[in-house]
Amino acid sequence: MLAYLLKRLLWMVPLLIGISLISFFIMHLAPGDITTSEASFNPKASEESRQKLRALYNLDKPVIVQYGLWVKRMATLDFGTSFASHQRPVFWQTKDKDGNITLGMIQEALPITLLINLLSLGLIISVALPLGIISALKQNQLADRSITLFVFIGFAIPGFWLALILMYWTGVQHAWLPISGLESMGHENLSGLGQVADTLKHLILPVSISGLTGLAGISLFVRNGMLDVLHQDYITTARSKGLNENRVIYGHALRNALLPLITIFGLSIPGLIGGSVIAESIFAIPGMGKLFYDAVLMRDFPVIMGILTIGALLTMIGNLLADVAYAWADPRVRRGVIK
Amino acid sequence: MLLNIDQNRFLKPWLVLSFLMLITACENSSSSRPSGHVTDFSQHYPASNGGMLVDAMTGEPSGLIAMIAGESAASAIAGNIFNSLLKYDKNLDLTGELAKSWDISSDQRTITFHLKPQLKWADNQPLTSDDVLFTWQKVTDEKTRTPYGSDFKLVIKAETPDANTFKVTYAVPYAPALDTWAGLHILPKHLLKDQDINTTAFSRNPVGSHYYKLDRWKNGQYLKLTRNNNATQGQARIDSLLSRIIPDKASQFLELSADNIDSMGLNPIQYARIFPARPDLNHHIALYKELGNSYTYMGFNLKRKPFDDIRVRQAINYAIDKQEIIDGVLLGLGEPVASPYKPGTRWSNPALKPYPYDPNKARDLLKAAGYVDHDGDGILDKDGKPFSFEILTNQNKEREMTAVLIQRRLKDIGINANIRVLEWASFLGRFIKPKAFDVVVLGWGLSLDPDQYSIWHSSQQAPGQFNFIGYSNPQADKLLEAGRIELDPEKRMKIYHEFSKILLDDSPVVYLSAGYGLSAIHKRISGISNPAPPAGIGHNTYEWYIPKAYARNEINEQ
Amino acid sequence: MITMRRHPLAMIGFIIIASILLLALIAPWIAPYDPDAINVKAILLAPSHMHLMGTDGLGRDVFSRMLYGSRISLLVGFVAVGIATIIGIILGAIAGFYRGWVDTLIMRIVDIMLSIPTFFLILAVIAFLTPSIWNIMIVIGLTSWMGVTRLVRAEFLSLRQREFVLAAQALGAKDRRLIFTHLLPNSLTPIIVSSILGIASAVLVESGLSFLGLGVQAPQASWGNILTDGKEYIQFAWWLSLFPGLAILITVLGYNLLGDGLRDAYNPRSSQH
């Protein structure tokens, strides 16, 4: 097991280098750089000054040299500063000599995205699990079919369209919920608990819409897993021994059917830090998706590379954790994994 | 549980009733908005101080030092915080802002600005000519990451004879000089002198001298400005300005409908179609339109055949129905233009008229240029090759629609045009810079200073420069050069009127339209000039006010 | 088909997809207007008997655009998934059949691809290729083959251990014969199911790309860009977003029901009951 872990961890190094190399080259081969944004297409901004900027950002050097510089910086865990955002640190805050703190861009966006994703993951699990179980137990009956239909509709509906409809209905027509943003006006005057409630209220729509989209995957997974298990020999044996049906289902079938879910959660770890550009634009939430999208459009290379690197690292850790957890949970698999 | 049946029977309807009341109460209280239609916004109240104006912007400023940030969101916010030496008044004439007056030397090379007395920064420190000099040093500093330095590098000497006087000398007279000083925000030396201007935290926590100062900047969410009690230009009436960052225009419009924001920019469909059909919105929202700041054009790549042929360019100009574009894309909310200057201003030549829509004339001109439909396929051809090209534009709904309308009109006279729409960086990097396009639909600003040397002068064609269509006319070059050193407005006007005429005759671009600036502002905001003066409704925001009776309910007041 | 009858949802899915395909095929004959015909005098008309689904911001008939747009949207799904499936089968087969270092290499490439956000890949490729419908399809295809690869590899790995394959191998069957007559045909069902589900996702991806302005470009109509055009007028010109929104919903639902039903029907365990 230890050797296996070590091998996987070692593999991460070349993978990370591969990913960063590919990303770096894709990024630089795409046309344009920070000096070609729409805002700088202004007759008052001269081409000489733009060339000067390019030199200041090392953009005039060959790509491989720029990559070398980036790796050198990353070796000291320095993510650099954003080109576009007045040199804000990409990852973590910095302090200038007067003691003014400038917060990092990822530092600010990540907690928001994490919160939303964790909330919607919680919502998905708490709704999809029972739906999946009911579906499996009532296989091919009306309940099963309605659930299947419902979760598929959730998956199939274009998210931003549903979002706008719900914003109009709950925000404009009825004022039940805030429309966009994370805080109401006067948020800072609320009590601590009031602030939390206010922000949660703002998150109801984004979280439920992203939850609705993700329902289908998990609930069908649980359903099919349960069905597979329910037809296994040992369940038949347990039943024939006259074991209580509830114990059969919840004691045996469910536990085994949920095993593969561990893998799914491991795989969703990188997803937790990736926000959705579309949802964040519609709901005016300053999360990771919008940060990344804007960085790509602005060709803000340090930010793009920072997010990609952190994302890749988390993906690999997530995969590893998923495999390890799965092996730990199921001794049958452990042997296979070690081999 | 001690309730007997009778009591129960009595209670039930009461419960239902109270439940209903609760619901209706919720619905009413939830909306500080028209739902109750209690507030009548047609009342007129005298000007008073107080209140908060909430607006929305699609992007977040990257910083509030405009010379470095550059994007429109930054200029919009920084414009409320910082002053320049000069400003444009409501008729778009230059007037003093920090400067009370300025003199120009007889050789027209030296400008002396006299600052108003007793100017102060928001932190109570005096604002002097030293700050102006410091700002000039910064904008021209090689290490400063600004693309706007070149205008200021023309200054060969900058001096501060005393605390209220700032003097700049140019090598040769530079007519756009005053305009450039109207665009440079003066920065406080005492806070920035030891800082690296490129990275300083000051850009997110600025101290200025204008009507407002930054109160709170919640990244990605909003910026809140409050009144600066030391403001150099007097006191603004509205207490605070809150600018929310809402990237999606559809969401902005929902927020406006729900009365969560007071103002936003509109597109023509919202202005001309949605509002007239929605009395509930008109009840509390007023619409404003003002002269636009830019025009849309179709530019030919003059280095490519057949666009080097003036007959072809003019033919295409005649073949495009500009009024149709204004009606179809802008729903009538725009004007045709015949020069790159704001219609109705001094620099715009009133004698010039756009090419009329005349497909027959277009056909004749094309025939003269050798384009005839020899093979009868409906497409003109010459030397066996059909007349076909690509219209390139960037992702911009109005430009896309414009291109579609042009495509159809060109088809009418037998020209086959395809449309290609691109994301900005690719558009610029792959097509405009290497000049790998046939025809481009784009926009230029209608600048307040008439100098457009960098757009039309033949020397400005290197990759990355702005004369990417390759326009080159010695006569126009001469006029552009003359206009840059002539400071007398009357003579300058003549120069640019003549330049505009040459430009129109040469037809290197087809002027398509200049759309109006359209905005929706809540009626609680009073004191807005309507109709808008040439400078637009925003020229007197400091005089806008919110009568107490109309103020928005905020959570903290409950 | 016999098993399908026991799966009414799959049947519904099949009917939905078949009718939409039919509508897309006969679009030129049933579209009442030229989908690109502009009429600036008929901007944003509400649905009526003249314009079944109203008109858009340039006075074009939304119904006709929806019909023609269905061709684009469906084509995007088919071609993109076709590309992804072909790449996936080839790489998955190689990895699953030969195992060893080829397998490791391919699976690590899959890992790399999976850890770079799809949207970034799409944006990068679009920046090279410039957006056109063919490029959109290629891009979606090139960025979505990883799932199929994993699936095919897993199928091959397990099939290789089965008696009939081992027997054929013992009898001296060549690799090519083994792959094409034994392994591939037996993994076809899960591949087809995943392709059908993939088409559903591709249709959604196209609408998402349109929202970001990276999808099928004007003047060509696709459901995604009609929906995006309509989003700003959702309170007023509801028909601009309702019809494309519903069309995407129904189509994606149809593919999902069909795919899921097929999976159910061919999974011996879950279908017997």
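Here the protein sequences come in this chain order: A, B and C. Taking numbering that gives the first Met the number 0 as reference, the numbering of the first sequence is continuous, increasing by one, and the terminal residue is 338. Taking numbering that gives the first Met the number 0 as reference, the numbering of the second sequence is continuous, increasing by one, and the terminal residue is 557. Taking numbering that gives the first Met the number 0 as reference, the numbering of the third sequence is continuous, increasing by one, and the terminal residue is 272. We treat Cβ as the ideally placed atom computed from N, Cα and C, and that holds for glycine. Since the structure is predicted, the reported quantities are computational estimates derived from the model, not experimental observations.
| Query | Result |
| --- | --- |
| Three-pair Cβ contact test at 8 Å for the stretch 512 to 531 of chain B versus the stretch 282 to 295 of chain B | yes |
| Proximity test, Cβ basis, 9 Å: E422/B and chain A | yes |
| Close-in-space but distant-in-sequence residues of the same chain around T198/B (CB under 6 Å, 5 per side omitted) | none |
| Pair within 9 Å by beta-carbon distance, F23/A and V64/A | no |
| Beta-bridge partners of F299/B, as assigned by DSSP | V438/B |
| Within chain B, the residues that F77/C reaches when beta carbons sit closer than 8 Å | The premise fails here: F77/C is roughly 24 Å from chain B at the closest Cβ pair, so nothing lies under 8 Å. |
| Environment of T236/A [buried if 16+ CB atoms lie within 10 Å] | exposed |
| Identified DSSP bridge partners for I468/B | In DSSP, I468/B forms no bridge with anything. |
| W337/C versus S114/C - alpha carbon distance | Coverage of chain C is limited to positions 0 through 272, which leaves residue 337/C absent and any answer about it impossible. |
| For S206/C and I103/B, the rounded distance between their alpha carbons | 59 Å |
| Check whether L97/B and L126/B have beta carbons under 9 Å apart | yes |
| Beta-carbon spacing of D33/C, I42/C below 9 Å | no |
| Opening and closing residue of the beta strand (DSSP E) in which M51/B lies | M51 to M56 |
| Cutoff 6 Å; reference L1/A; Cβ partners in own chain excluding five residues on either side | none |
| Where R236/B falls: helix, strand or coil (DSSP) | coil |
| Minimum length 4: unbroken alpha helix (DSSP H) runs contained in the stretch 245 to 305 of chain B | 248 to 256 and 278 to 281 |
| Residue environment, E422/B, which counts as buried when at least 16 other CB atoms sit within 10 Å | buried |
| Three-way DSSP call (helix, strand, coil) for W133/C in this model | helix |
| The stretch 272 to 282 of chain A touching the stretch 309 to 327 of chain A, judged by at least three CB pairs closer than 8 Å | yes |
| Stretch-stretch touch, CB-based, cutoff 8 Å, three pairs: the stretch 60 to 75 of chain C with the stretch 347 to 354 of chain B | no |
| Range covered by the beta strand (DSSP E) that runs through V215/C | Taken as a continuous stretch (DSSP letters only), V215/C belongs to no beta strand (DSSP E), as it is neither H nor E. |
| Any chain B beta carbon closer than 9 Å to E231/C | yes |
| For A220/C and G68/C, believed in contact at Cβ under 8 Å, the rounded distance | 4 Å |
| Segment limits, beta strand (DSSP E) that includes H113/B | T109 to L114 |
| Three-way DSSP call (helix, strand, coil) for Y169/B in this model | strand |
| DSSP three-state assignment for S269/C, whether helix, strand or coil | Since pLDDT at S269/C reaches only 47, below the 50 mark, its modelled position is unreliable, and no value is offered. |
| CB-CB length for G87/C against V147/C, believed under 8 Å | 3 Å |
| Closest Cα partner of Q138/A within the set D263/C, G12/C, H50/C and I11/C | D263/C |
| Closest by C-alpha distance to Q42/B, when choosing among G535/B, H282/B and G264/B | H282/B |
| Three-state class that DSSP yields for P110/A in the structure shown | helix |
| Residues within the stretch 245 to 257 of chain B neighbouring chain C, beta-carbon criterion of under 7 Å | K248, A249, F252 and S256 |
| Residue nearest to L296/A in terms of C-alpha spacing, selected from I121/C, I249/C and R70/C | I121/C |
| Runs of alpha helix (DSSP H) wholly within the stretch 206 to 289 of chain A (minimum 4 residues, chain order) | 232 to 239, 253 to 272 and 276 to 282 |
| Residue of W28/C, V75/C, G58/C and I37/C minimising C-alpha distance to V251/C | V75/C |
| N417/B - partner residues in DSSP beta bridges | E389/B |
| Within chain D, partners of P116/C - CB distance below 8 Å | This model lacks chain D altogether, as its protein chains are A, B and C. |
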